[in-house]
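Protein chains: 2
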Amino acid sequence: MSGNDELGDGFRREGKATINDVARVSGVSKKTVSRVINRSPLLSAETRERVEAVIRDLGYVPNPQARALAMGRNFLLGLLHDNPNAQMVLNFQEGVLEAIRDTEFALVVRPVNRHSVGMLDDVRHFLERQRLFGVLILPPISENDALAALCRELGCRYVRMGSAALDDEAHLVESNDREAVGQAVDHLVSQGHRNIALIAGPEGFRSAQERRNGFLEAMARHGLSVGPGRVAPGNYTFDSGRAAAERLLEASERPTAIFASNDEMAAGALHAARQREIEVPAALSLIGFDDTAIAAHIWPPLTTVRWPIISMARAAAYKLIHPAEAKQQPSRFLSDLVRRASVAPAVKQ
Amino acid sequence: MSGNDELGDGFRREGKATINDVARVSGVSKKTVSRVINRSPLLSAETRERVEAVIRDLGYVPNPQARALAMGRNFLLGLLHDNPNAQMVLNFQEGVLEAIRDTEFALVVRPVNRHSVGMLDDVRHFLERQRLFGVLILPPISENDALAALCRELGCRYVRMGSAALDDEAHLVESNDREAVGQAVDHLVSQGHRNIALIAGPEGFRSAQERRNGFLEAMARHGLSVGPGRVAPGNYTFDSGRAAAERLLEASERPTAIFASNDEMAAGALHAARQREIEVPAALSLIGFDDTAIAAHIWPPLTTVRWPIISMARAAAYKLIHPAEAKQQPSRFLSDLVRRASVAPAVKQ
DNA sequence: GCCATGCATGACACCGGTTTCCGAATCAAG
DNA sequence: CTTGATTCGGAAACCGGTGTCATGCATGGC
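Residue numbers (the working numbering), protein chains in the order written: chain A, 69 to 417; chain B, 69 to 417.
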């Protein structure tokens with residue numbers, strides 16, 4: 069390779085070729101090299117090839133810091149997330165990475181704590197300091213309007229992921245949780261279930277509201293009533309799901325199916341059923357939401373709703389990178405039901 | 069705030085105060101402002117205060133790109149990981165973030181695919197392009213020596229996470245998997261188990277080797293033999309765990325306990341046992357490894373080995389940021405056994 | 001009273017790109 | 001052969017910081 073002097077600790081000194089080296093060696097000006105890099109059309113093919121050869125020879129790679137400084141913007145996308153669901157966050161990262169692969173963008177992650185009082189200040193510091201190109205905001209903190217306002221104030225582009233209309237199309241990628249829950253209920257009803265209970269998510273979450281409303285609407289659509297004993301609150305954790313299921317299963321007329329607002333709570337519900345020696349799915353059908361890793365790995369494998377998070381991530385990243393075309397990109401994504409083994413036809417009690 | 073003109077799209081133009089503005093307003097030179105920012109000791113208290121007041125007034129925040137360019141290094145840490153275990157990756161991110169909170173560092177993530185032929189080139193492109201301050205490498209790709217060599221070649225600092233001595237102390241943070249598996253075996257033996265089987269991890273993984281060796285050593289220590297029918301290969305996936313368990317459970321003299329080299333395979337084994345109507349833990353005890361989310365959420369909750377990943381991440385980030393003191397930082401971390409409900413005393417068959 | 005000393009500060013080049021503006025070369029038309 | 005348009009390439013300023021070195025000033029020792 070090109071002359072690298074070694075440091076004591078075995079690392080090469082910053083002896084990388086610069087645009088000046090390329091210009092000197094190929095006998096053109098910096099600007100011409102810059103044009104080659106940026107694929108400017110007004111260049112003779114001959115010059116371009118000559119410079120490109122030198123670039124290869126020298127192993128030249130443009131310095132992103134210098135570019136960022138000169139162009140007044142960098143190529144860093146931020147990911148702001150709280151962390152209820154590791155698999156989801158990681159899948160999202162995956163999707164974003166797919167979108168920015170082969171570009172000069174990189175992804176900077178920043179977990180935040182939605183319960184900390186200093187959360188907004190934290191994010192403010194982060195954004196001011198790093199001057200990111202833009203940020204992607206994951207639920208549940210994507211539902212925080214103050215956060216979006218902060219981004220606006222700081223001049224930071226953003227896209228929110230959500231389960232309802234939180235913002236205009238340019239700043240939002242959403243899944244239709246409500247409709248998806250409808251499918252889940254339809255499926256249960258088609259299997260003959262009439263006494264269906266809901267384990268709801270935490271009040272503050274938009275996704276929880278949507279899933280609850282989707283459930284209630286679908287039940288109403290089928291002409292099924294949902295008594296007060298048929299809805300139990302949860303907070304998206306395993307334990308809350310177990311506790312909620314215990315309450316539901318105590319009811320005089322036991323439900324034959326439970327829809328849990330996420331997989332973790334469904335797993336908790338399964339746990340509760342097993343302790344009461346209620347067979348799943350023979351005596352109790354169960355549907356979850358999110359299709360996290362856990363859904364496929366419990367017994368019986370959980371029927372659940374999968375939302376296309378990787379596609380959504382890709383779309384979100386794309387919106388962020390190409391703000392001009394953001395509104396053309398799809399904003400709404402459809403989830404679908406993954407049928408596994410936790411649902412069976414209802415039996416008469 | 070300081071005069072911001074708005075763009076059509078509602079975002080503030082890059083009208084942030086620069087070091088020049090601060091210098092002009094406070095009547096000192098750029099350099100002096102720079103000294104204030106960098107807490108240089110040779111400054112009169114009076115000047116410092118005056119400049120600091122102006123900085124506050126103007127809401128000035130130094131531009132990291134400019135700093136990076138001038139200083140020849142940026143403040144970005146990279147995280148290279150393959151993705152068998154979302155919870156682990158995310159916990160690791162958390163630990164790193166803890167370490168760099170309140171510093172100017174940020175974390176850039178980069179999932180890579182260890183099975184892709186172009187993996188090394190991929191990483192090379194990434195490192196050359198982004199010029200990170202350094203990278204953290206997670207297992208299993210941390211075991212790839214070519215990757216470490218690449219970092220050296222490119223002059224990129226690195227720290228590898230691993231389960232064995234992969235590198236020198238300055239570039240490694242390791243967990244003692246071998247010893248931890250020993251504890252797991254001890255526990256099983258103390259419960260009266262003698263016929264203990266192993267579901268091994270994939271050949272290529274150092275962690276798998278360590279866990280296998282730890283198992284064999286511990287069994288030998290207890291004077292217990294491990295016949296060929298007592299070790300089944302797996303590849304860290306749920307399905308491979310199930311298949312391995314099926315083979316083990318077919319043996320003429322069935323094992324009374326199985327140690328699986330990770331939780332996912334343990335979950336698979338549980339699945340297999342259930343299909344054969346073998347009660348866990350009554351008729352079969354099970355221990356996993358990693359203490360991922362799944363361990364606590366299956367039934368029965370899985371006894372498993374937890375390694376202190378957040379502490380390890382913190383140490384790794386610290387080593388990366390302070391290379392001079394890297395060797396003083398701890399490199400070896402102890403894992404411990406989390407006792408849940410998947411182990412019971414052995415019964416005579 | 002003078003010069004060496006030390007401390008606080010400033011002038012200026014520099015990091016490695018991009019952008020603006022302008023000049024040179026080429027070529028067709030007059 | 002000259003003119004004008006067009007294409008291509010270069011010089012220099014600029015982005016916003018940091019490093020080097022020089023300078024002014026107060027201090028102190030002789």
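Think of the CB as a built atom: it goes at the ideal place given N, C-alpha and C, for glycine as much as any other residue.
Helix, strand or coil for residue 345(A)? Go by DSSP, reduced to three states. coil
Enclosing beta strand (DSSP E) for residue 282(A) [first to last residue]: No beta strand (DSSP E) holds residue 282(A); the alpha helix (DSSP H) holding it covers 274-289.
How big is the Cα-Cα spacing for residue 232(B) and residue 301(B)? 20 angstroms
Roughly how far, in whole angstroms, is the beta-carbon of residue 359(B) from the beta-carbon of residue 373(B), given that I think they are within contact range, below 8 angstroms? 7 angstroms
Measure from the alpha carbon of residue 333(B) to the alpha carbon of each residue in 366(B), 321(B), 109(B) and 113(B), then state which is nearest. 366(B)
Residues that residue 179(B) bridges to, as DSSP identifies them: 149(B)
Return yes when the Cβ of residue 297(B) is within less than 7 angstroms of the Cβ of residue 319(B), no when it is not. yes
Is residue 242(B) helix, strand or coil by DSSP? strand
Within 10 Å of its beta-carbon, does residue 81(B) have 16 or more other beta-carbons around it, so buried, or fewer, so exposed? Only weak support is given to the placement of residue 81(B): the predicted model assigns it a pLDDT of 45, under 50, and the question is left unresolved by the model.
Return helix, strand or coil for residue 250(A), following the three-state DSSP convention. helix
Can you tell me the Cα-Cα spacing of residue 268(B) and residue 306(B), whole angstroms? 13 angstroms
Cβ separation of residue 132(A) and residue 105(A), assumed to be a contact under 8 angstroms, to the nearest whole Å: The pair is not a contact, with the Cβ atoms about 12 angstroms apart (cut-off 8 angstroms).
Outcome for residue 69(A) when other beta-carbon atoms lying within 10 angstroms are tallied against a minimum of 16: Legend: pLDDT at residue 69(A) = 36, less than 50; position of this residue unreliable, value from coordinates given subsequently. It counts as exposed.
Is the beta carbon of residue 203(B) sitting closer than 7 angstroms to the one on residue 224(B)? yes
Rounded to a whole number of angstroms, what is the C-alpha to C-alpha distance between residue 215(B) and residue 403(B)? 26 angstroms
Measuring alpha carbon to alpha carbon, tell me which of 118(A), 176(A) and 208(A) ends up nearest residue 198(B). 176(A)
Say whether the region 248-268 of chain A touches the region 396-410 of chain A, bearing in mind that this needs 3 or more beta-carbon pairs closer than 8 angstroms, one atom from each stretch. yes
Who pairs with residue 144(B) in a beta bridge, going by DSSP? 174(B)
Where residue 163(B) falls: helix, strand or coil (DSSP): helix
Proximity winner among 115(A), 120(A) and 230(A), relative to residue 149(A) (alpha-carbon distances): 230(A)
Residue interval of the alpha helix (DSSP H) (run including residue 386(B)): 377-389
Would you say residue 93(B) and residue 101(B) are within 7 angstroms of each other, going by their C-beta atoms? no
Give the DSSP-derived three-state secondary structure of residue 113(B) in the structure shown. helix
Give me the chain A residues within the contact set of residue 176(B), using Cβ-Cβ distance strictly less than 7 angstroms, ordered along the chain. 174, 175 and 176
Please state whether the Cβ-Cβ distance between residue 158(B) and residue 157(A) is less than 7 angstroms. yes
Please identify, using Cβ separations under 8 angstroms, the residues of the region 263-295 of chain A that lie next to chain B, in order along the chain. none
Bridge partners for residue 304(A) per DSSP, in chain order? DSSP lists no partner for residue 304(A).
Separation of residue 208(B) from residue 274(B), as counted between CA atoms: 8 angstroms
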